[in-house]
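FYI, the UniProt record's numbering numbers position 8 of the sequence shown as 8, with every residue one higher than the one before it.
Virtual Cβ for every residue (Gly too), placed ideally from N, Cα, C.
See below for the structure under consideration.
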Amino acid sequence: MGAAYLPYIQFSIFMGNLGFFSNAFFGFILVYLTLFYIKRQFGSYYLLVNFQVLGFVFASFEFLFHTFLHTYNASLTYFSLSRPLGFSNFTMEWMMGIYTGLYSATICMLAIQFMYRYWAIFDTPKLCYFQGWYYFIWVGYYTFFGVLWAFAVGNFFAMDDFGRKYLEDEILLRYERNITEIPVLGLIAYEGDNIRWRNVYGLSLMTLISTVQYSIIIICGHQMYSGMRTKIAVLSAQHRRLHRQFFRALVIQISAPTIILFCPVFFMIYAPFADLEMSFPSCIIQSGFTVYPALDSVIMMSCVSEYGRALKSKKNEQFDYFEKKTSELIVNAKERYTVKATKEESRETAQTHGKAVTTKL
Numbered sequence: 001m002g003a004a005y006l007p008y009i010q011f012s013i014f015m016g017n018l019g020f021f022s023n024a025f026f027g028f029i030l031v032y033l034t035l036f037y038i039k040r041q042f043g044s045y046y047l048l049v050n051f052q053v054l055g056f057v058f059a060s061f062e063f064l065f066h067t068f069l070h071t072y073n074a075s076l077t078y079f080s081l082s083r084p085l086g087f088s089n090f091t092m093e094w095m096m097g098i099y100t101g102l103y104s105a106t107i108c109m110l111a112i113q114f115m116y117r118y119w120a121i122f123d124t125p126k127l128c129y130f131q132g133w134y135y136f137i138w139v140g141y142y143t144f145f146g147v148l149w150a151f152a153v154g155n156f157f158a159m160d161d162f163g164r165k166y167l168e169d170e171i172l173l174r175y176e177r178n179i180t181e182i183p184v185l186g187l188i189a190y191e192g193d194n195i196r197w198r199n200v201y202g203l204s205l206m207t208l209i210s211t212v213q214y215s216i217i218i219i220c221g222h223q224m225y226s227g228m229r230t231k232i233a234v235l236s237a238q239h240r241r242l243h244r245q246f247f248r249a250l251v252i253q254i255s256a257p258t259i260i261l262f263c264p265v266f267f268m269i270y271a272p273f274a275d276l277e278m279s280f281p282s283c284i285i286q287s288g289f290t291v292y293p294a295l296d297s298v299i300m301m302s303c304v305s306e307y308g309r310a311l312k313s314k315k316n317e318q319f320d321y322f323e324k325k326t327s328e329l330i331v332n333a334k335e336r337y338t339v340k341a342t343k344e345e346s347r348e349t350a351q352t353h354g355k356a357v358t359t360k361l
């Protein structure tokens with residue numbers, strides 16, 4: 001079969017570039033509208049801005065480093081075929097770990113947003129923890145779990161001699177690369193008949209982090225779903241509408257990637273323990289991650305009507321500005337034409353008068 005998986009690498013690179021540019025476009029629109037048009041209408045605008053910035057950094061890492069996943073028998077390999085900026089393999093492996101840490105931080109940010117919406121409806125005094133310097137608690141929260149995830153990947157999945165020997169023929173066959181010449185991390189479930197506990201420790205840490213975040217999301221989401229109608233009845237019509245829209249957006253934000261992206265990835269992480277005879281370019285599924293931040297922006301702007309109003313207002317402003325400038329240009333053109341016509345008329349009158357005087361003489 002030879003290097004049969006190289007076309008999938010090109011597809012993943014294309015998706016990474018698409019994710020970067022689409023996130024830059026839609027993320028900029030969302031952040032711009034949030035900061036300059038609707039931030040006064042809800043208090044969690046800085047959470048949305050932080051989430052979009054984090055998503056942009058996430059997509060930027062993929063755009064710069066182009067990392068790939070590959071499933072082979074009892075292993076899941078995480079590697080890159082390039083070394084931008086002249087990084088060594090060791091540095092690149094830790095940059096790859098940081099990239100996965102950004103994935104963890106995005107999950108944490110979703111959990112924080114669910115917690116904020118829950119407190120905004122059921123326990124408003126606790127919203128003080130999102131104000132002033134207290135907000136840095138949440139910055140530390142998602143930073144801590146992001147660093148912990150990056151450490152788990154970079155340390156526990158570092159490749160050893162057994163791993164290189166186990167994967168060298170597969171990497172050479174599928175991607176035409178010598179495994180010693182590229183940055184590579186790997187989860188290998190077994191070494192002979194024994195479990196590789198070092199990999200299990202890293203996997204357990206990642207599972208624990210994900211479980212904590214999803215537990216927060218599920219608990220807060222269920223409580224909001226079951227008790228929202230009663231609690232928001234005492235709020236103004238505008239705030240009721242906003243809470244419903246934000247809840248719907250948050251549900252879609254976590255449901256779509258969970259079903260389409262996160263579940264398949266966690267299946268791949270645990271698949272090596274089944275020790276199946278298989279070879280699969282998992283980068284096909286991984287490539288969807290880079291598009292998610294842009295998808296998140298579209299979800300938020302679609303679900304929350306204030307963004308539609310802000311876009312319409314901005315469009316009207318641009319139209320009014322264009323109409324004003326067009327009117328000014330027309331008026332100026334008319335004035336210039338009138339002045340020019342007046343000058344020509346005066347010149348013709350003067351010439352006619354001069355001829356008349358000459359004839360008379």
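- prompt: Who are the Cβ neighbours of Y72 in its own chain at under 6 Å, not counting the five residues just before and after it?
  reply: As a working mapping, residue 72 is identified with position 72 in the sequence shown. These residues qualify, in order along the chain: E170, S279.
message: I need the straight-line Cα distance from F26 to L18, nearest angstrom please.
response: Position 26 of the sequence shown holds residue 26. Position 18 of the sequence shown holds residue 18. Roughly 12 Å separates the two Cα atoms.
- request: For the alpha helix (DSSP H) containing G186, list its first residue and its last residue.
  value: The count along the sequence shown starts at 1 and reaches residue 186 at position 186. Unbroken run through G186 is the beta strand (DSSP E), 184-188; no alpha helix (DSSP H).
query: Which one or two residues does DSSP pair with F280 in a beta bridge?
result: Within the sequence shown, numbered from 1, the residue matching residue 280 stands at position 280. Beta-bridge pairing links F280 to T71.
- request: With DSSP as the reference, label Y78 as helix, strand or coil.
  value: As a first step, residue 78 is located in the sequence shown; it is residue number 78 there, counting from the start. Residue state, collapsed to three classes: strand.
field: Exposure of D298, with buried meaning 16 or more beta-carbon neighbours within 10 Å
entry: Numbered from its first residue, the sequence shown carries residue 298 at position 298. The displayed chain sequence assigns Val, not Asp, to residue 298. By the neighbour-count rule (16 or more Cβ atoms within 10 Å), V298 is not buried but exposed.
field: DSSP-derived helix/strand/coil call for N17
entry: Looking up residue 17 in the sequence shown gives position 17. N17: helix per DSSP, three-state reduction.
field: CA-to-CA distance, G101 to T143, given in whole angstroms
entry: Mapped onto the sequence shown, residue 143 falls at position 143. Mapped onto the sequence shown, residue 101 falls at position 101. Using only the alpha carbons, I get a separation of about 9 Å.
query: Does the beta-carbon of F319 have 16 or more other beta-carbons within 10 angstroms, so that it is buried, or is it exposed?
result: Looking up residue 319 in the sequence shown gives position 319. Low confidence applies here, because F319 scores a pLDDT of 45, under 50, leaving its location unreliable; read the following figure in that light. Classification for F319: exposed.
Cβ neighbours of F145 in the same chain (closer than 6 Å, five flanking residues each side left out): Position 145 of the sequence shown, counting from 1, holds the residue named residue 145. S104, C108, I209.
- prompt: Contact between the stretch 64-83 and the stretch 178-194: three or more CB pairs below 8 Å?
  reply: yes
field: Residue range of the alpha helix (DSSP H) that includes G101
entry: One-based indexing of the sequence shown puts residue 101 at position 101. Where G101 is concerned, the enclosing alpha helix (DSSP H) stretches over 89-122.
field: Whether L187 touches I269 by CB criterion (8 Å)
entry: Locating residue 187 in the sequence shown gives position 187, where the first residue counts as 1. Locating residue 269 in the sequence shown gives position 269, where the first residue counts as 1. Taking 8 Å as the Cβ cut-off, L187 and I269 qualify as a contacting pair.
- request: Could you check the C-alpha separation between P7 and G288 for me, to the nearest Å?
  value: What you label residue 7 is simply residue 7 of the sequence shown in a count that begins at 1. What you label residue 288 is simply residue 288 of the sequence shown in a count that begins at 1. Their Cα atoms are separated by approximately 16 Å.
message: Considering only DSSP beta bridges, list what N199 is partnered with.
response: What you label residue 199 is simply residue 199 of the sequence shown in a count that begins at 1. In the DSSP output, where bridge partners are listed per residue, N199 has none listed.
query: How would you label P125, buried or exposed, when you count the other beta carbons within 10 angstroms and need 16 or more for buried?
result: Along the sequence shown, one-based indexing puts residue 125 at 125. P125 comes out exposed.
- prompt: What does DSSP give as the partner residues of N194 in its beta bridges?
  reply: Taking the first residue of the sequence shown as 1, we reach residue 194 at position 194. Bridge partners of N194: E191.
query: What distance in whole Å lies between the Cβ atoms of M206 and A152, which are believed to be in contact at a cut-off of 8 Å?
result: As a first step, residue 152 is located in the sequence shown; it is residue number 152 there, counting from the start. As a first step, residue 206 is located in the sequence shown; it is residue number 206 there, counting from the start. So it is a contact: roughly 5 Å between Cβ atoms.
field: Cross-strand partners of A158 (DSSP beta bridge)
entry: As a first step, residue 158 is located in the sequence shown; it is residue number 158 there, counting from the start. Answer is L185.
query: Apart from the five residues just before and just after Y141, which ones in its own chain have a Cβ nearer than 8 Å to its Cβ?
result: Translated into the one-based positions of the sequence shown, residue 141 becomes position 141. Around Y141: C108, I112.
Under 8 Å between C-beta atoms of V53 and T34: Walking along the sequence shown from the start, residue 53 turns up at place 53. Walking along the sequence shown from the start, residue 34 turns up at place 34. Cβ distance not < 8 Å, so V53 and T34 don't count as in contact.
query: Does DSSP put A4 in a helix, in a strand, or in coil?
result: As a first step, residue 4 must be located in the sequence shown, where it is residue number 4. Coil at A4, not helix or strand.
- prompt: What residue range is occupied by the uninterrupted alpha helix (DSSP H) comprising Y134?
  reply: Taking the first residue of the sequence shown as position 1, residue 134 is located at position 134. From DSSP, Y134 is part of no alpha helix (DSSP H); its letter is neither H nor E.
message: In whole angstroms, give me the CA-to-CA distance for F58 and R117.
response: Counted from its first residue, the sequence shown places residue 58 at position 58. Counted from its first residue, the sequence shown places residue 117 at position 117. Spanning the two alpha carbons is a distance of roughly 24 Å.
- prompt: Are F273 and A189 closer than 8 Å when you measure CB to CB?
  reply: Here residue 273 refers to the residue found at position 273 when the sequence shown is read from its first residue. Here residue 189 refers to the residue found at position 189 when the sequence shown is read from its first residue. Taking 8 Å as the Cβ cut-off, F273 and A189 qualify as a contacting pair.
DSSP-derived helix/strand/coil call for F319: Your numbering for residue 319 matches position 319 in the sequence shown. In this prediction, F319 scores a pLDDT of 45, lower than 50, which makes its location untrustworthy; the coordinate-derived value is nonetheless stated afterwards. If DSSP states are grouped into helix, strand and coil, F319 belongs with the helices.
query: What's the C-alpha gap between A60 and T290?
result: Here residue 60 refers to the residue found at position 60 when the sequence shown is read from its first residue. Here residue 290 refers to the residue found at position 290 when the sequence shown is read from its first residue. The question names Ala, but residue 60 in the sequence shown is Ser. One C-alpha to the other measures close to 9 Å.
task: In the DSSP assignment, find the unbroken alpha helix (DSSP H) run with I269 in it and report its ends.
output: Your numbering for residue 269 matches position 269 in the sequence shown. From DSSP, the alpha helix (DSSP H) with I269 extends over 263-270.
- request: Note down, in chain order, each residue of its chain lying with its Cβ closer than 7 Å to the Cβ of F28, except the 5 sequence neighbours on either side.
  value: The sequence position of residue 28 within the sequence shown is 28, counting from 1. Excluding positions up to five away in sequence, the list is empty.
- prompt: Can you tell me where the alpha helix (DSSP H) with C303 in it begins and where it stops?
  reply: Indexing the sequence shown from 1 puts residue 303 at position 303. Segment 292-303, the alpha helix (DSSP H) holding C303.
message: Can you tell me whether Y32 is buried or exposed? The criterion is at least 16 other CB atoms within 10 Å of its CB, across all chains shown.
response: Start at 1 with the first residue of the sequence shown, and residue 32 comes out as number 32. It is exposed - the Cβ of Y32 has fewer than 16 other Cβ atoms within 10 Å.
Under the three-state DSSP convention, the category N178 falls into: Translated into the one-based positions of the sequence shown, residue 178 becomes position 178. The answer is coil: DSSP assigns N178 none of H, G, I, E or B.
- prompt: Which value, in whole angstroms, describes the spacing of the CA atoms of D161 and E168?
  reply: Within the sequence shown, residue 161 is the residue found at index 161, counting from 1. Within the sequence shown, residue 168 is the residue found at index 168, counting from 1. Roughly 10 Å between the two C-alpha positions.
message: My output table needs one value for H222: the three-state DSSP class, helix, strand or coil.
response: On the sequence shown, residue 222 is found 222 positions in, with the first residue counted as 1. It is helical.
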